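2 protein chains.
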Amino acid sequence: MAQSETVDRILDAAEELFAERGFSETSLRMITGRARVNLAAVNYHFGSKKSLIQAVFARFLTPFCLALEQSLDRLEAESSPHPPSLESLLKVLTQTVVAMPRHHDRSIAIYMRLQGLAYTQSQGHLREFLENEYSRTFGRFMGLLKEATPQLSAVERYWRIQFMLGATAFTMSSSEALSDILKNKLGVETAVEEIVARLVPFLTAGMQADPVRG
Amino acid sequence: MAQSETVDRILDAAEELFAERGFSETSLRMITGRARVNLAAVNYHFGSKKSLIQAVFARFLTPFCLALEQSLDRLEAESSPHPPSLESLLKVLTQTVVAMPRHHDRSIAIYMRLQGLAYTQSQGHLREFLENEYSRTFGRFMGLLKEATPQLSAVERYWRIQFMLGATAFTMSSSEALSDILKNKLGVETAVEEIVARLVPFLTAGMQADPVRG
DNA sequence: TCTGGACTCAAACGTATGTTTCAAACAAAT
DNA sequence: ATTTGTTTGAAACATACGTTTGAGTCCAGA
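For the protein sequence lines, the chains are L and G, in the order given. Per the numbering used here, residue 1152 is the first one in the first sequence, and the count goes up by one each step. Per the numbering used here, residue 1152 is the first one in the second sequence, and the count goes up by one each step.
So this is what it looks like as structure tokens:
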């Protein structure tokens, strides 16, 4: 099952179509059509549509989590003995995203959108899969986030993390469409790198706002 | 087509099911099953599934926009001759949401989740419908937002509004699930009112962060 | 050259979907 | 009581979906 040309073609097509249209709205026939492979190839190589969805995520999430772990190692070493600051954590996260090797120009936007869809579309099996596979890296980052915001109560921190997650996932999941709108309105081109550069100060300020209660 | 018992039952069931499962993942048979009406009733009363989706939105968005317009009238009158502040705008928005008449306890959470889904699920007809019907109120609010943040460049403001929208839509669209998680973890109950109370300072601080460039 | 496993292909299968049909039931007005 | 227009009901329709099948192709190793 290693590196078949067909497998990659399916993954490429599925990645794009899932990002464009969502999971349920994308049929295997659309995928195999764009990939120019036979319909049965999906079930032959992946077993089912659910497994294909998971495989799409695994292909970019596994190397990403590895890279993030290394980035966090470096950051923790640098700032030792103090815990990393909130801003440095967010910067490391976004830079690790941006630094990921990409198949083509739109790769980052696609990954971001997929990540957003993972939270929004109610695909129970996906949640479970991501939880099982990537909870360790995720948990490590959350722990560091906690150390970086000691002034927040656990409840306040919980909700603010959701706010951050929402702002990021939502914006990134529509980054291409939003960039196009902005171009039509003001004639300005925007790269993903610039969006995340604008995102970090926004999130940092939000996290450091005065809490509503102790 | 006015106020048939059947029509309301369908709208109630559709509202809940769409919020729980999304649009494509909810079949007309599920809806008519929960509403205990005949399958054909949907197409008879609404014409199509698409129109039903739009009707669900219209039922809560039309009175909401009316209420928001009035709230904005009041706010503008109060703060005249100065434009309303950013925080007052956000507060008015959230309070208008919270003050909406509700069919039952979960109504707000359901409306919020539907609003989030409207942005996330790729239902082209929905976007078009919302644009046609509610762009005036939406545009008015955006204009006031602009007056309230004169220090931001048009580009910076554009992106930060997207960040706000994302944090709100994302959090609200999963508010019930997130509240449940928090209850399991820390044993704390959370009402929608409390979430938006925490949201406003976060967004205000984010909007007022120092821009990355002039 | 032969063999066997990996892969591709066209076709079909079973099921679920949105929609349509048309007769029956109902309500209100004549 | 009869008629008229509206609403319901069970059934069927056409289509699209994920999946399976089985014959065919390819190619490395014996």
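Virtual Cβ for every residue (Gly too), placed ideally from N, Cα, C. All of these numbers come straight from a predicted model, not from anything done at the bench.
Given a threshold of 16 other Cβ atoms within 10 Å of its Cβ, counted over all protein chains shown, does residue i qualify as buried or as exposed?
i	result
M1293 of chain G	exposed
A1105 of chain G	An answer regarding residue 1105 of chain G cannot be provided, because it is not within the stretch 1152 to 1365 covered by chain G.
G1275 of chain L	exposed
T1213 of chain G	exposed
Y1195 of chain G	exposed
R1225 of chain G	exposed
L1190 of chain G	exposed
S1199 of chain G	exposed
Q1221 of chain G	exposed
L1244 of chain L	buried
Q1272 of chain L	buried
E1167 of chain L	buried
Q1302 of chain G	exposed
R1308 of chain L	buried
G1338 of chain G	exposed
R1187 of chain G	exposed
L1223 of chain L	buried
R1349 of chain L	buried
G1317 of chain L	buried
G1290 of chain G	exposed
S1155 of chain L	exposed
L1277 of chain L	buried
A1170 of chain G	buried
L1203 of chain G	buried
S1324 of chain G	buried
R1264 of chain G	buried
L1219 of chain G	buried
Quick one: list the residues of chain L neighbouring residue i, beta-carbon separation under 7 Å, in chain order.
i	result
T1322 of chain G	Q1313, F1314, G1317
Closer than 8 Å by C-beta to residue i: which residues in its own chain qualify, once you throw out the five before and the five after it? Chain order, please.
i	result
L1237 of chain L	L1296, A1299, T1300, T1355, M1358, Q1359
G1365 of chain L	Low per-residue confidence applies at G1365 of chain L: pLDDT is 42, beneath 50, and the placement is therefore not dependable enough to give any value.
L1281 of chain G	F1208, L1212, A1269
S1230 of chain L	S1236, S1239
V1130 of chain L	In the structure as shown, chain L starts at 1152 and stops at 1365, and residue 1130 of chain L therefore has no counterpart that could be examined.
T1247 of chain G	F1215, A1218, L1219, S1222
What does residue i reach in chain L if we use C-beta pairs closer than 9 Å?
i	result
D1361 of chain G	P1352, A1356
L1329 of chain G	Y1309, W1310, Q1313
Output needed for residue i: all residues of its chain with C-beta closer than 7 Å, excluding positions within five of it in sequence on either side, in chain order.
i	result
R1210 of chain G	L1162
L1241 of chain L	V1351, L1354, T1355
A1192 of chain L	T1157, I1161, T1183
E1344 of chain G	V1249
A1206 of chain L	L1162, F1197
P1234 of chain L	L1295, E1298, A1299
E1227 of chain G	P1235
G1267 of chain L	A1320, F1321, M1323, S1324
C1216 of chain G	Y1285, T1288
So which residues on chain G does residue i lean against when the C-beta distance must stay under 7 Å?
i	result
Y1309 of chain L	L1333
A1305 of chain L	L1337
Find the residues of chain G that neighbour residue i, judging by a C-beta separation of less than 8 Å, and give them in chain order.
i	result
A1348 of chain L	V1363
Within a Cβ cutoff of 6 Å, which residues of the same chain sit near residue i, ignoring the five residues on either side of it in sequence?
i	result
M1181 of chain L	L1168
Take every Cβ of the stretch 1161–1181 of chain L, pair it with every Cβ of the stretch 1251–1258 of chain G, and state whether three or more of those distances are shorter than 8 Å. no
Does the stretch 1306–1321 of chain G touch the stretch 1321–1333 of chain L, meaning 3 or more C-beta pairs lie closer than 8 Å? yes
Unbroken alpha helix (DSSP H) runs of length 4 or more, entirely within the stretch 1255–1305 of chain L: which are they? 1258–1271, 1275–1299
Return the chain-ordered ranges of every beta strand (DSSP E) run that is complete within the stretch 1154–1237 of chain G and spans a minimum of 3 residues. none
Which complete alpha helix (DSSP H) runs does the stretch 1301–1363 of chain G hold, if anything under 4 residues is left out? 1305–1324, 1326–1337, 1343–1358
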